[in-house]
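Data first, discussion second: the structure below is written as structure tokens.
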Amino acid sequence: MAITLVTKLAVALAFASPLAAAPFVSEISAGRAEAPVAELVELASGTMPYRAAGEFTRAGRPVTAPLARVGVTVPLAIMKHQVAAADYRRCVDAGACKPLAAAAGAEPDRPVVGVSWRDAEAYAAWFSRVTGERWRLPTDTEWAFVAGSRFSDDGDVVDADDPSRRALARYTREAALKDDGEERGVMPFGSFGTNEHGISDLAGNVWEWTATCYVRTALDDAGAAIAATTNCGVRIAEGRHRAYVTDFVRDARAGGCAAGVPPTHLGFRLVREQATWGSWLMARITAWRAG
Amino acid sequence: MMTRRTALAGAAIAALMLATPAFAQKLDLPRQKINLVAPPFVHAHEQATKAGPKIVEFRLVIEEKEMVIDEQGTKFQAMTFNGSMPGPMMVVHEGDYVEFTLVNPDTNTMAHNIDLHAATGAGGGGELTMVNPGEQVVLRFKATRTGAFVYHCAPGGPMIPWHVVSGMSGTIMVLPREGLKDGNGKPLRYDRIYYVGEHDLYVPRDDKGNFKSYPSAGDAYTDTVEVMRKLTPTHVVFNGSVGALTGKNAMEAKVGENVLIVHSQANRDSRPHIIGGHGDYVWETGKFSNRPETGLETWFVRGGSAAVAMYKFRQPGVFAYVNHNLIEAVELGAVAHFKVEGQWDDDLMTQVKAPEPIAPGKQSAVATPAHGH
Ligand SMILES: [Cu+2]
Numbered sequence: 000m001a002i003t004l005v006t007k008l009a010v011a012l013a014f015a016s017p018l019a020a021a022p023f024v025s026e027i028s029a030g031r032a033e034a035p036v037a038e039l040v041e042l043a044s045g046t047m048p049y050r051a052a053g054e055f056t057r058a059g060r061p062v063t064a065p066l067a068r069v070g071v072t073v074p075l076a077i078m079k080h081q082v083a084a085a086d087y088r089r090c091v092d093a094g095a096c097k098p099l100a101a102a103a104g105a106e107p108d109r110p111v112v113g114v115s116w117r118d119a120e121a122y123a124a125w126f127s128r129v130t131g132e133r134w135r136l137p138t139d140t141e142w143a144f145v146a147g148s149r150f151s152d153d154g155d156v157v158d159a160d161d162p163s164r165r166a167l168a169r170y171t172r173e174a175a176l177k178d179d180g181e182e183r184g185v186m187p188f189g190s191f192g193t194n195e196h197g198i199s200d201l202a203g204n205v206w207e208w209t210a211t212c213y214v215r216t217a218l219d220d221a222g223a224a225i226a227a228t229t230n231c232g233v234r235i236a237e238g239r240h241r242a243y244v245t246d247f248v249r250d251a252r253a254g255g256c257a258a259g260v261p262p263t264h265l266g267f268r269l270v271r272e273q274a275t276w277g278s279w280l281m282a283r284i285t286a287w288r289a290g
Numbered sequence: 000m001m002t003r004r005t006a007l008a009g010a011a012i013a014a015l016m017l018a019t020p021a022f023a024q025k026l027d028l029p030r031q032k033i034n035l036v037a038p039p040f041v042h043a044h045e046q047a048t049k050a051g052p053k054i055v056e057f058r059l060v061i062e063e064k065e066m067v068i069d070e071q072g073t074k075f076q077a078m079t080f081n082g083s084m085p086g087p088m089m090v091v092h093e094g095d096y097v098e099f100t101l102v103n104p105d106t107n108t109m110a111h112n113i114d115l116h117a118a119t120g121a122g123g124g125g126e127l128t129m130v131n132p133g134e135q136v137v138l139r140f141k142a143t144r145t146g147a148f149v150y151h152c153a154p155g156g157p158m159i160p161w162h163v164v165s166g167m168s169g170t171i172m173v174l175p176r177e178g179l180k181d182g183n184g185k186p187l188r189y190d191r192i193y194y195v196g197e198h199d200l201y202v203p204r205d206d207k208g209n210f211k212s213y214p215s216a217g218d219a220y221t222d223t224v225e226v227m228r229k230l231t232p233t234h235v236v237f238n239g240s241v242g243a244l245t246g247k248n249a250m251e252a253k254v255g256e257n258v259l260i261v262h263s264q265a266n267r268d269s270r271p272h273i274i275g276g277h278g279d280y281v282w283e284t285g286k287f288s289n290r291p292e293t294g295l296e297t298w299f300v301r302g303g304s305a306a307v308a309m310y311k312f313r314q315p316g317v318f319a320y321v322n323h324n325l326i327e328a329v330e331l332g333a334v335a336h337f338k339v340e341g342q343w344d345d346d347l348m349t350q351v352k353a354p355e356p357i358a359p360g361k362q363s364a365v366a367t368p369a370h371g372h
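The listed protein sequences correspond, in order, to chains A and B. Numbering of the first sequence is given in numbering that gives the first Met the number 0, commencing with residue 0 and proceeding in unit increments. Numbering of the second sequence is given in numbering that gives the first Met the number 0, commencing with residue 0 and proceeding in unit increments.
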């Protein structure tokens with residue numbers, strides 16, 4: 000099913016056609032030395048049973064998120080590994096990413112952690128610039144699709160007459176997913192194994208930012224969405240369980256009313272936008288003209 | 000190191016000499032041997048007793064060891080009673096004699112002792128219990144005052160605060176023989192008891208800001224004292240590490256159960272609070288000869304004491320139990336959780352309508368002022 004492509008981006012760039020032209024090339028050559036090499040896994044399009052992130056209501060009362068069959072419509076290329084601390088460092092050195100807090104203390108050859116959603120976005124923008132390709136955070140749906148058996152469904156039963164049921168169910172489910180015996184701290188790549196698609200360290204102790212905002216959806220009796228409130232100040236971080244984290248937070252914590260199990264660490268991986276030959280050509284022509 | 004070790008050994012010899020007469024005295028009372036359990040649990044005990052005073056025997060083994068104190072995997076050179084932070088809780092009744100054996104195995108590197116706030120004389124026992132690695136001591140004291148009391152290591156001078164903030168503190172609870180009362184003579188019974196020991200920890204950082212680890216407690220000493228003197232802990236933890244009483248290790252209770260929560264802090268003030276709950280009866284100073292306060296939202300634990308609170312959970316759910324300095328709770332780690340099962344009480348709380356978009360024209364909470372005269 001999954002096709003593994005090892006794309007050496009630096010090599011890919013060497014094939015840049017003459018149309019890539021001077022201004023673009025100069026940008027690449029400035030970036031070439033810095034451009035991290037990303038190992039990619041490409042997944043064919045497909046569907047899966049999936050419960051969207053967020054909250055759902057019907058007639059003014061909370062309900063369980065509906066289960067639907069969704070998926071990705073175009074092949075998806077995603078990083079096999081989470082972004083490394085050394086790679087993030089290059090973005091910082093280039094002045095395009097904010098330095099990590101000193102205490103984040105990530106070792107260069109391990110996943111970068113202690114990054115906010117905004118940090119991850121800045122990295123995606125920089126990485127796109129230095130590679131000449133379009134990279135972005137996956138949506139929650141894409142992440143679930145990629146994670147496959149590692150995705151954790153959060154369809155806890157909602158009892159509108161007893162709000163404690165859902166709170167207890169969620170708390171117990173999230174707590175059960177934690178392996179108390181595991182090493183804490185940021186582990187080397189591959190420590191949490193690969194899933195059936197050959198993607199590494201999904202649902203380990205580093206949660207991954209997604210592009211998906213926190214949405215509350217009102218459903219009608221038939222289960223169709225009739226209204227939604229979207230809060231993009233909170234993004235979904237995926238991992239062992241789904242987490243809702245404020246976009247500028249680098250180190251999620253539990254406490255107070257949010258008595259859940261917080262993500263241990265916050266990191267990310269990126270997907271590469273599928274570019275057809277035509278769009279790829281157009282992007283380069285545009286870049287050339289802009290120069 | 001050399002000088003301190005020699006000085007401590009000298010103190011230990013003096014302590015043993017002083018201790019000799021105490022051994023000579025024979026007490027003709029029934030004996031009971033108690034096996035201590037690790038916190039947040041408390042060994043089985045009678046809440047009230049009709050029996051006469053007895054000699055209650057405990058054994059405390061000191062263990063110097065490395066412990067992980069947060070999710071980031073920060074390694075900490077801990078000193079412990081029975082291997083846990085806090086040390087286990089001992090429960091006796093007023094008038095009982097507490098007879099404990101304090102063991103300092105030769106695998107340890109330092110001299111230790113125990114100062115029990117429930118005991119009278121000789122520095123709460125500290126002067127009579129200094130033991131070097133490879134030694135043990137037996138001390139007996141009479142429990143004359145009721146309440147929950149801190150015990151801690153107090154081996155002299157700068158060793159005192161350092162040993163305490165390295166984990167060496169615990170709690171002993173002396174119950175009235177007739178049990179707890181509500182202040183108006185009505186007996187109070189608890190269905191469960193939990194023991195939350197809070198520690199403020201001071202972990203040095205390297206020049207990059209990362210927490211430093213050390214091969215032994217002695218190696219950590221100089222840097223740690225520097226952090227301690229700033230009085231700003233790097234961690235404030237319940238039961239020895241961030242999150243130790245959450246998730247699978249969250250405390251449990253049922254709606255309608257009376258839960259007694261003993262909260263000790265040997266070094267620094269704290270302010271426990273149950274988010275969404277209360278203290279029905281609170282002995283803020285922890286001493287049962289005083290009437291409990293009732294219906295509290297938050298209670299104060301003076302550094303160097305243990306508070307006792309009783310609460311009957313009235314709603315199911317996940318309740319956070321925090322130090323209500325919320326920075327210490329959320330940023331430094333002073334959070335525990337209760338998982339409470341039972342029937343939701345709509346009368347106490349109902350979500351009348353789930354969150355939804357604000358109705359048009361009702362955005363403003365302030366009514367437009369009428370232009371009247
Ligand atoms: Cu000690």
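Ideal Cβ positions, reconstructed from N, Cα and C, are used throughout, including at glycine.
Could you pull out every residue in the same chain whose Cβ sits closer than 8 Å to the Cβ of residue i, ignoring the five residues on either side in sequence?
{"i": "E56(B)", "result": "R30, Q31, K32, I33, E98, F99 and T100"}
{"i": "T145(B)", "result": "E93, V173, L174, P175, K286, F287 and S288"}
{"i": "Q135(B)", "result": "T100, L101, V102 and N103"}
{"i": "Q46(B)", "result": "L174, G178, L179, R188 and Y189"}
{"i": "G70(A)", "result": "S44, G45, T46, M47, Y49, T140 and F144"}
{"i": "H450(B)", "result": "Summary: the structure shown does not reach residue 450(B), with chain B confined to residues 0 through 372, and so no result is reported for it."}
Should residue i be flagged as near chain B, meaning a C-beta pair shorter than 7 Å?
{"i": "D92(A)", "result": "no"}
{"i": "P187(A)", "result": "no"}
{"i": "K97(A)", "result": "no"}
{"i": "P61(A)", "result": "yes"}
{"i": "F23(A)", "result": "Note that F23(A) scores a pLDDT of 35, beneath 50, so its modelled location is shaky; the value from the coordinates is reported in the next line. It does not: the Cβ of F23(A) has no partner Cβ on chain B nearer than 7 Å."}
{"i": "S163(A)", "result": "yes"}
{"i": "R50(A)", "result": "no"}
{"i": "R183(A)", "result": "yes"}
{"i": "V260(A)", "result": "yes"}
{"i": "T245(A)", "result": "no"}
{"i": "A226(A)", "result": "yes"}
Spatial neighbours of residue i within its chain, please: CB distance less than 7 Å, with the 5 preceding and 5 following residues excluded, ordered by chain position.
{"i": "G182(B)", "result": "R290 and P291"}
{"i": "A328(B)", "result": "V321, N322 and V334"}
{"i": "V241(B)", "result": "I68, D69, E70, H234 and G332"}
Kindly indicate if chain A contains any beta-carbon less than 7 Å away from that of residue i.
{"i": "P38(B)", "result": "no"}
{"i": "Q71(B)", "result": "yes"}
{"i": "K311(B)", "result": "no"}
{"i": "A353(B)", "result": "yes"}
{"i": "G316(B)", "result": "yes"}
{"i": "P356(B)", "result": "yes"}
{"i": "V173(B)", "result": "no"}
{"i": "W343(B)", "result": "yes"}
{"i": "V329(B)", "result": "yes"}
The alpha helix (DSSP H) spanning residue i covers which residue range?
{"i": "E225(B)", "result": "A216 to M227"}
{"i": "C231(A)", "result": "Run containing C231(A): none in the alpha helix (DSSP H); it sits in the beta strand (DSSP E), A224 to E237."}
{"i": "H162(B)", "result": "M158 to V163"}
{"i": "R169(A)", "result": "P162 to A175"}
{"i": "Y87(A)", "result": "A84 to D92"}
{"i": "Y122(A)", "result": "W116 to T130"}
{"i": "T140(A)", "result": "D139 to A146"}
Can you round the beta-carbon distance between residue i and residue j to whole angstroms, since I take them to be within the 8 Å contact cut?
{"i": "G238(A)", "j": "V40(A)", "result": "G238(A) to V40(A), Cβ: 18 Å. No contact."}
{"i": "F318(B)", "j": "V254(B)", "result": "The pair is not a contact, with the Cβ atoms about 11 Å apart (cut-off 8 Å)."}
{"i": "R241(A)", "j": "S151(A)", "result": "7 Å"}
Starting from the C-beta of residue i, find all residues in its chain whose C-beta is less than 6 Å away, skip the five residues before and the five after it, and write them out in chain order.
{"i": "A210(A)", "result": "L136 and T138"}
{"i": "L66(A)", "result": "P48 and R50"}
{"i": "S269(B)", "result": "E197, V300 and N322"}
{"i": "Y243(A)", "result": "Y213 and V233"}
Check for me: the beta strand (DSSP E) holding residue i runs from which residue to which?
{"i": "A335(B)", "result": "V334 to E340"}
{"i": "D279(B)", "result": "G278 to W282"}
{"i": "E63(B)", "result": "I54 to V67"}
{"i": "E292(B)", "result": "E292 to L295"}
{"i": "W208(A)", "result": "V205 to L218"}
{"i": "N248(B)", "result": "Note, N248(B): premise wrong, no beta strand (DSSP E); not H, not E."}
Return no unless some Cβ of chain D is closer than 7 Å to the Cβ of residue i.
{"i": "G246(B)", "result": "Protein chains in the displayed structure are A and B, and chain D is not among them."}
Would you check whether ligand 3 has a heavy atom nearer than 6 Å to the C-beta of residue i?
{"i": "P39(B)", "result": "Absence of ligand 3 from the depicted structure is noted, with ligand 1 being the only ligands included."}
*Using the beta-carbon of each residue, find all residues closer than 6 Å to any heavy atom of ligand 1 and list them in chain order.*
M78(B), H111(B), C152(B), P154(B), H162(B) and M167(B)
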